[in-house]
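Let me begin by presenting the structure, written as structure tokens, before commenting on it.
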Amino acid sequence: MKLQRQPKYSWKNAPRRDKLDYCAIIKFPLSPGSATKKTEDNYTLCSLREVKANKHQIKQAVKKLYDSDMAKVTTPIRPDGEKKAYVALTPDYEALDVVNKIRII
């Protein structure tokens, strides 16, 4: 006959999240020289994203956070394992206005 274990603390400290919300998908925007050049020339935003997020989730998160429509999302994975996302905005939206709203530049 075995007694049931009664640990002093539980192994599950915090409940797990079931899904990625839009705040967890977008980590932070990137603002090196090459990213700002793409923003000015090609109406493209550049930022780091959650590696598990797919393009549809990134598109919805950008739409919800920045209130702008996008034409295309490109997601290369960097050598250090982080996912970078280039979000091309539609010509209706001025990328510099969105960047100023985020306060990168």
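Per the numbering used here, numbering of the sequence shown is gapless, rising by one per residue and ending at 654. We put the beta carbon where it would ideally sit given N, CA and C, even for glycine. If you're wondering where the values come from, they're calculated on a predicted model, not measured in any experiment.
For Ala573, the enclosing alpha helix (DSSP H) has its first and last residue at Tyr571 to Ile574.
Between Lys608 and Leu552, the alpha-carbon positions lie close to 52 Å from each other.
A straight-line Cα-Cα distance of about 23 Å links His605 and Pro628. Rounded to the nearest whole angstrom, the CA to CA distance from Lys621 to Thr593 is 9 Å. Positions of the beta strand (DSSP E) runs, each at least 3 residues long and wholly inside the stretch 565-633, are given as 575-578, 593-598 and 619-623 in order along the chain.
Annotation: the continuous alpha helix (DSSP H) that includes Asp646 extends over Ala644 to Ile651.
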